[in-house]
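Q:
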Amino acid sequence: MRATWRAARAAVRRRKLQTTVIGLVVMTSAMTLVIALGLLHSVSAPFDNAFAKQRGAHAVAVFDTGRSSDAQLKEAAGLPGVEAAAGPFGQAVVEMKQDPEVRLLASPDGGPVTVVGRADPAGPVDRVNLWAGRWAERADEIVVNLPDEGLPPGAGSPTGSELTAADGSTFTVVGLASSVSGTADAWVSPARMAELKPTAAQMLFRFTDSATGEDIRDALAGVERHMPKGALTASHSYLDIRAEIARQPAAYAPFLTTFGVLSLLVAVLIVANVVSGAVVAGFRHIGILKSLGFTPNQVTGVYLTMVGVPAVVGCVLGTVLGGLLADPLLHRVFQGPEVAIVQDGVGIGPWAQPVTLLGMLTVVLLAALVPALRARRLSPAVAVSAGSAQRTGRALRIQRGLTGSRLPRSVSLGVGLPFARPGRSAMTLAAIVLGVTTVTFATGLSTTVTRYSEASQGGGAVQAVVYAGIPTPDEPAPDHDDPATQRLLASLPGAEQVTALGYSDVRLDGYTRGVTLGAYRGESSNLGDVVVAGRWMREADEAVASGSFLNERDLAVGDRLTLVKGDRRERVRIVGRTLDGEADRLYALWPVMTALAPDQKANQYHVRLIDGIDPDTYLAAVRKADAGLDPTKTSPVNATAVTVVGASTLLTLLLGTVAALGVFNTVVLNTRERRRDLGMLKAIGMTPRQVTVMMVTSMATLGAVGSLVGIPLGILGHRFVVPRSFRAADIAVPDSMMAVWQAPALAALALAGVTIAAVGALVPSRAAARLTVAEVLHNE
């Protein structure tokens, strides 16, 4: 064992370049795999873990207390198919006033807040996570639903603040909690709920069959049959919340999975190429070891150890660095209030790094085992001769065939070199093909995402947005009221059009979860919103919504909805599906807002400027005209696009580096095996520059072939993967965003394979060019 280790350690020290290549290839491959596996874990695991920990409700059902009694609701807990139930809890909708001191809470701009009466946060279903303060005990206390990650950095806790209802009554915030089931915006004691005289009661159910939406609908139908007709007024499923939380991360999963698969394939090919080449190049060394008395098993152990040492170091470094890169990327993916309840579960998972570590080591050792076993069977004499023999027959035939061409001799010699080692060249070519496929796929992905980003940001139709928020001690109130502000902005030099936009929290009849109504005052059809189905709003009773809004509620263009705010109700019809938008927002024209909330004011003003007007000049004019207004320029890209493009660029660079390292290793091995030939060529007059051209040409030939194969594969990957990423986010992408392949782009991509090959071959080729005839003869 000691002799094996000493021989392997000496080989590692002697072949520093080869050892470094193995370590870098394994490290970069491991980094990419950790990132991809981390995202796959985070797409579903955080919600599932939080849901299991809190015993989340499979369905939240709201019943009309005028049609059902508490006794009937309690009986529903024992119905067939009901695993567990909690309730009934009184439920009321309380109109809250705007208050700058508590603007971080459930309804920052005021409006309806769903309040539920519960004696404590525990129970058989929906164990509310009370993460700050305590539970409401007295009639004037309230616990607000605010996720643990819901406060911005540095924000103080709102506990101790007061919420004021529209009727003048107050609530003191004594605790902050979150419900993974989305059961309420706030909780009060049962005594306070009785004072609110609720007309609805909430039941929380866990069902024995709950894997699909159909299972939950069937189970709720069984409960509804037990109750008086019309008692069930609204409900929602945990699958809706799960889909909402996973929507944005799920959009990343298809393309990151693609990068993960490509990374694994490249790693297998390059590691196999590096290791097998190292073993083949070491046949002479094997013969010497056997001549010194090493047994076949010892020889195999030497080469497995020689490869295993840098592989272990590379795997460990790659998994650690992959974890460091993955965590900020995943937390950027899981941004937003809708996913804050699962932020503490976001990460690469406990299994991603061990799986990557063991998997990569297994790949490396299997790649080393096959050629090592081949060498194991060789006798000392055959191994020595195999290590010094030159396999040049195929290459010479190709080179002789090119002698009649007008190509420079160094180029014709280089074209024939890959045929001297066809197996090694084939693996190098496959790695280049995957590298080109990655570059092509990433280019198409970035272009499509950038086009989507520009469209979702309005495509430049609006150059400025002016905010009129709630005044605070640090922010003065605007000098102008809502209509006057719109007139002021339209009168400033450079303004072509000003459209007001106001928001108000409302309820949808038949649904437990509230939505935010956005209403436009003024021309809105030219603000850059892309409608992928139907059309933009024209009449006062029409509305548009995003695909995520419609899919979550099983709605379609043409359906009608009833919006409820307090005792006011308004009927609207969905006439369009927008390209982008949040799952809890519905947009209509200002008459809908007037009908539901006549006192609501606009808090945003979208400004179209005359062509050629500098936005900064207009913003300065706004600040001068009214210091209470907050103007800002619109951004041409959104955060999601930046994350996608950044992640794909990073992973493309990693995979391109791995492919280039494979080329680097191939040239190094070819140079070592052909030192005698290089010495002879130099002896008859070949210059160092010609040697460099010959070696680079040998790989550039593989690179050109790799481009011809890799570009079509990358285009197919783009057409297959990217639409699935957008569908996972409930986004319908127009064909114009997918048509990214034009002649200039394809021409540039045609150079990708040649570039990868040339970059990988340049350094070892220059080293080969510096070899002198004396050095070669001395080594021989």
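This note's numbering puts the first residue of the sequence shown at 1419, with every later residue one more than the last.
Heads up, the beta-carbon is just placed ideally off N, CA and C, and yes, glycines get one too.
Per DSSP, what kind of secondary structure is residue 1929 in: helix, strand or coil?
A: Looking at residue 1929 - three-state DSSP - the assignment turns out to be coil, as it is neither helix nor strand.
Q: What does residue 1404 pair with, by DSSP beta-bridge criteria?
A: A query on residue 1404 cannot be resolved here, the shown segment of the chain reaching from 1419 to 2198 and no further.
Q: Using 8 angstroms for Cβ pairs, my map puts residue 1476 next to residue 1634. What's the rounded Cβ distance?
A: With a Cβ gap of about 6 angstroms, residue 1476 and residue 1634 count as contacting.
Q: Closest Cβ-Cβ distance between residue 1627 and chain D: below 8 angstroms?
A: In the structure shown, chain D does not exist; there is a single protein chain.
Q: Just grab the DSSP bridge partners of residue 2024 for me.
A: Beta-bridge pairing links residue 2024 to 1883 and 1917.
Q: Can you tell me where the beta strand (DSSP E) holding residue 1563 begins and where it ends?
A: Counting along the chain, the beta strand (DSSP E) containing residue 1563 begins and ends at 1559 to 1563.
Q: For residue 1715, count neighbouring Cβ atoms within 10 angstroms of its own Cβ and tell me buried if that reaches 16, exposed if not.
A: With fewer than 16 other Cβ atoms within 10 Å, it is exposed.
Q: Which of helix, strand or coil does DSSP assign to residue 1547?
A: Residue 1547: strand per DSSP, three-state reduction.
Q: With residue 1736 and residue 1444 assumed to form a contact (beta carbons below 8 angstroms), what rounded beta-carbon distance in angstroms separates them?
A: Confirmed, about 6 angstroms.
Q: Can you tell me which residues form a DSSP beta bridge with residue 1938?
A: In the DSSP output, where bridge partners are listed per residue, residue 1938 has 1919 and 2007.
Q: Which residues in the same chain as residue 1860 place their Cβ atom closer than 6 angstroms to its Cβ, once the five residues preceding and following it in sequence are excluded?
A: Closer than 6 angstroms at Cβ, skipping near neighbours: 2066 and 2070.
Q: Closer than 6 angstroms by C-beta to residue 1510: which residues in its own chain qualify, once you throw out the five before and the five after it? Chain order, please.
A: Hits under 6 angstroms: 1533, 1614 and 1616.
Q: Ignore the nearest five residues each way along the sequence and tell me which others in residue 1999's own chain have a CB closer than 6 angstroms to its CB.
A: Closer than 6 angstroms at the Cβ level, and outside the excluded window around residue 1999, lie 1964.
Q: Assign residue 2050 to one of two classes, buried (16 or more other C-beta atoms within 10 Å of its C-beta) or exposed (fewer than that).
A: Result: exposed.
Q: How many angstroms separate the CA atom of residue 1680 from the CA atom of residue 1852?
A: If I take the Cα positions, the gap works out to 7 angstroms.
Q: Apart from the five residues just before and just after residue 1908, which ones in its own chain have a Cβ nearer than 7 angstroms to its Cβ?
A: So the qualifying residues of the chain are 1916.
Q: I'd like the list of long-range same chain contacts for residue 1970, defined as Cβ closer than 7 angstroms, with 5 residues on each side in sequence excluded.
A: So the qualifying residues of the chain are 1658, 1661, 1662 and 2001.
Q: So within the stretch 2124 to 2181, which uninterrupted alpha helix (DSSP H) runs reach at least 4 residues, ignoring any that extend past its ends?
A: DSSP runs (the alpha helix (DSSP H)) wholly in the stretch 2124 to 2181: 2153 to 2156.
Q: Pick helix, strand or coil for residue 1654, following the three-state DSSP scheme.
A: Looking at residue 1654 - three-state DSSP - the assignment turns out to be strand.
Q: Beta-carbon separation of residue 1880 and residue 2052 under 8 angstroms?
A: For residue 1880 and residue 2052, yes; Cβs fall inside 8 angstroms.
Q: So residue 2017 and residue 1896 are supposed to be a Cβ contact under 8 angstroms. How far apart are they, rounded?
A: Not a contact, Cβ separation roughly 17 angstroms.
Q: To which residues of the same chain is residue 1784 closer than 8 angstroms at the C-beta, ignoring the five residues directly before and after it?
A: There are no such residues.
Q: Does the distance from the C-beta atom of residue 1996 to that of residue 1948 stay below 8 angstroms?
A: Yes, the Cβ-Cβ distance between residue 1996 and residue 1948 is below 8 angstroms.
Q: Any idea what DSSP makes of residue 1503, helix, strand or coil?
A: Here residue 1503 sits in strand by DSSP.
Q: With H, G and I counted as helix, E and B as strand and the rest as coil, what does DSSP make of residue 1948?
A: Coil.
Q: Assuming contact is defined by CB atoms lying nearer than 8 angstroms, are residue 1990 and residue 1961 in contact in what I supplied?
A: A contact, by the Cβ cut-off of 8 angstroms.
Q: Residue 1452 to residue 1740, Cα distance in whole Å?
A: One C-alpha to the other measures close to 5 angstroms.
Q: To the nearest angstrom, how far is it from the Cα of residue 1950 to the Cα of residue 2005?
A: Their backbone Cα atoms lie some 15 angstroms apart in a straight line.
Q: My parser needs the beta strand (DSSP E) runs of 3 or more residues fully inside the stretch 1583 to 1609; what are they?
A: Correct list: 1588 to 1596 and 1604 to 1606.
Q: Does DSSP put residue 1570 in a helix, in a strand, or in coil?
A: Confidence in residue 1570 is poor, its pLDDT being 46 and thus under 50, which makes the residue's placement too unreliable to answer from.
Q: Taking residue 2022 as the reference, which of 1978, 1588, 2182 and 2048 has the closest Cα?
A: Closest option to residue 2022, Cα to Cα, is 2048.
Q: Can you tell me whether DSSP reads residue 1421 as helix, strand or coil?
A: Residue state, collapsed to three classes: helix.
Q: Are the stretch 1925 to 1941 and the stretch 1638 to 1652 in contact at 8 angstroms, needing three or more beta carbon pairs?
A: Yes, since at least three Cβ pairs between the stretch 1925 to 1941 and the stretch 1638 to 1652 fall closer than 8 angstroms, the two stretches touch.
Q: In the DSSP assignment, the beta strand (DSSP E) including residue 1621 goes from what residue to what residue?
A: Note, residue 1621: beta strand (DSSP E), 1618 to 1625.
Q: Near residue 1734, which residues of its chain fall below 8 angstroms by C-beta distance, leaving aside the five closest residues on each side in sequence?
A: Excluding sequence neighbours, residue 1734 sits near 1775.
Q: Per DSSP, what kind of secondary structure is residue 2199 in: helix, strand or coil?
A: The displayed coordinates of the chain run from 1419 to 2198. Any statement about residue 2199 would go beyond what the structure contains.
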